[in-house]
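*Asks:* The structure under discussion is supplied below as structure tokens; questions concerning it will follow.
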Amino acid sequence: MVRAPSVDKNGMKKGAWSEEEDNKLRAYVLRYGHWNWRQLPKFAGLSRCGKSCRLRWMNYLKPGVRRGKYTIEEEGLIIKLHEQYGNRWSTIAAKLPARTDNDIKNHWHTHLKKRYKESPVCEGSQHIDDADQNEQSSAMFTSGSSTDQKTEVDPTTSAADSLDAYTDISSLSCDSTLFDGADWAADDSNSSVESLTEPLESFWTEPFALDTSFNNWLPSMEEEFMHPFSSFLDDSFDWFHEFNQ
DNA sequence: AAACACCGCAACCGCGCAAAT
DNA sequence: AATTTGCGCGGTTGCGGTGTT
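Those letters in the first sequence? Residues 385 to 629, by the working numbering.
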């Protein structure tokens, strides 16, 4: 399901990421942050372009990224937000806890678009395949259609607003180890938006502590990393020497 | 069991924008 | 003001998995 690994003309690796590459990237970003995506792979010991690293981090490795089955609430929200924003996936993703724009875009094209074409109005509540899904939760998205939004409280907005408390997950970036160890994909079948509150609440209420769980494999890798700032100094120094020769 | 078609999703590509120089 | 650089976004592709014949 992934592209076969290959090497481009610049010697940059392409295609599927190996576990080792994932570990290197994750360890590096958690340690130093993504201060410069273009330079990062060089310092992290990766033969990848910065763009590829960024994508991998954003869509797969970043703590808190949730993948797998979508809940009925999420699907309803995506449809409503798509009505509102069109193909602005990053905007839509900002309203969905822990979902990435790429993931939402894929889900739209592979699942929701087809259903939506069949019945655009109130689609979110009526055409979800899982018949045993909670009716109450789906009702959340049935009260409004594209035609009555002007006269009533916009259900999209209210639903979205209710989720605003969670939406900054995507901006937590590398400095958060909030979700480490949480297996988001594992319990997707029963998960709901509400279930997402717990780790976030603890994030805001508990004192920040650096997760050291990565240290199990960090020490050996640490040797492979170059500290970004010391390396800057080195680079500058090299440049200084070259310039003066 | 084999061949074929379709699906799902990770990853790539190109473009536009904003900040830096 | 013009150019360069880096980032983020949205569209698209490629390929393994799954279903169908």
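The beta carbon of each residue, even a glycine, is placed where N, CA and C say it ideally should be.
Predicted, not measured: the structure shown is a model, and the values here were computed from it.
Tell me the rounded alpha-carbon separation between A477 and E457.
*Replies:* For the purposes of this step, residue 477 is taken as residue 93 along the first sequence, with counting starting at 1. For the purposes of this step, residue 457 is taken as residue 73 along the first sequence, with counting starting at 1. Cα to Cα, A477 sits roughly 14 Å from E457.
*Asks:* Would you identify the three-state DSSP class for K398, choosing helix, strand or coil?
*Replies:* Translated into positions along the first sequence, residue 398 becomes position 14. DSSP places K398 within a strand segment (E or B) once states are collapsed to three.
*Asks:* Which complete alpha helix (DSSP H) runs does the stretch 388-472 hold, if anything under 4 residues is left out?
*Replies:* 403-416, 424-428, 434-440 and 456-469
*Asks:* Among the residues of its own chain, which have a CB less than 7 Å from the CB of A428, if the five just before and after it don't count?
*Replies:* Within the first sequence, residue 428 is the residue found at index 44, counting from 1. The residues are K408, L409, Y412 and F609.
*Asks:* Take the Cβ of D487 as the centre, count every other Cβ of all protein chains shown within 10 Å, and call the residue buried at 16 or more, exposed below.
*Replies:* Along the first sequence, one-based indexing puts residue 487 at 103. Result: buried.
*Asks:* On the criterion of 16 or more Cβ atoms from any shown chain inside 10 Å, does K497 qualify as buried, or is it exposed?
*Replies:* Stepping through the first sequence from its first residue, residue 497 is reached at position 113. With fewer than 16 Cβ atoms within 10 Å of its Cβ, K497 is classed as exposed.
*Asks:* Using a 10 Å radius around the Cβ and a threshold of 16 neighbouring Cβ atoms, would you call G389 buried or exposed?
*Replies:* Working through the first sequence from its first residue, we reach residue 389 at position 5. According to the sequence as given, residue 389 is Pro; it is not Gly. That one is exposed.
*Asks:* With E491 as the anchor, note down where its alpha helix (DSSP H) starts and where it stops.
*Replies:* To locate residue 491, count along the first sequence from 1; it is residue 107. Note that residue 491 corresponds to His in the displayed sequence, not to Glu. Bounds of the alpha helix (DSSP H) holding H491 are D485 to H491.
*Asks:* Among T475, L445, K397 and G399, which one has its Cα closest to the Cα of L414?
*Replies:* On the first sequence, residue 414 is found 30 positions in, with the first residue counted as 1. Minimum Cα distance to L414 is reached at L445.
*Asks:* Below 7 Å CB to CB, which residues in the same chain sit around T484 once its five sequence neighbours on both sides are set aside?
*Replies:* Here residue 484 is taken as the residue at index 100 of the first sequence, counted from 1. M442, N443, V449 and A477.
*Asks:* Using the Cα positions of C437 and K426, report the straight-line distance between them to the nearest angstrom.
*Replies:* On the first sequence, position 53 is the one that residue 437 refers to. On the first sequence, position 42 is the one that residue 426 refers to. The alpha-carbon atoms of C437 and K426 are separated by roughly 11 Å.
*Asks:* Contact check, G375 vs S431 under 8 Å by CB: the rounded distance?
*Replies:* For residue 375 there is no data in the structure shown, the boundaries of the chain being 385 and 629.
*Asks:* Give the straight-line distance between the Cα atoms of L439 and A400, rounded to the nearest whole angstrom.
*Replies:* In the first sequence, residue 439 corresponds to position 55, counting from 1. In the first sequence, residue 400 corresponds to position 16, counting from 1. One C-alpha to the other measures close to 12 Å.
*Asks:* Among residues of its own chain, excluding the 5 on either side of S402, which ones have a beta-carbon nearer than 8 Å to its beta-carbon?
*Replies:* For this step, residue 402 is matched to residue 18 along the first sequence. Around S402: P389.
*Asks:* Out of D406, E404 and R387, point me to the one whose CA is closest to K398's CA.
*Replies:* Residue numbering aside, residue 398 sits at position 14 when the first sequence is read from its first letter. Of D406, E404 and R387, the residue nearest in Cα terms is R387.
*Asks:* Quick one: Cα of H493 to Cα of G417, how far?
*Replies:* The count along the first sequence starts at 1 and reaches residue 493 at position 109. The count along the first sequence starts at 1 and reaches residue 417 at position 33. Their Cα atoms are separated by approximately 32 Å.
*Asks:* Would you call D516 buried or exposed, if buried means 16 or more other Cβ atoms sit within 10 Å of its Cβ?
*Replies:* Here residue 516 refers to the residue found at position 132 of the first sequence. The predicted position of D516 is uncertain, since its pLDDT is 35 and thus under 50; a value taken from the coordinates is nonetheless stated next. That one is exposed.
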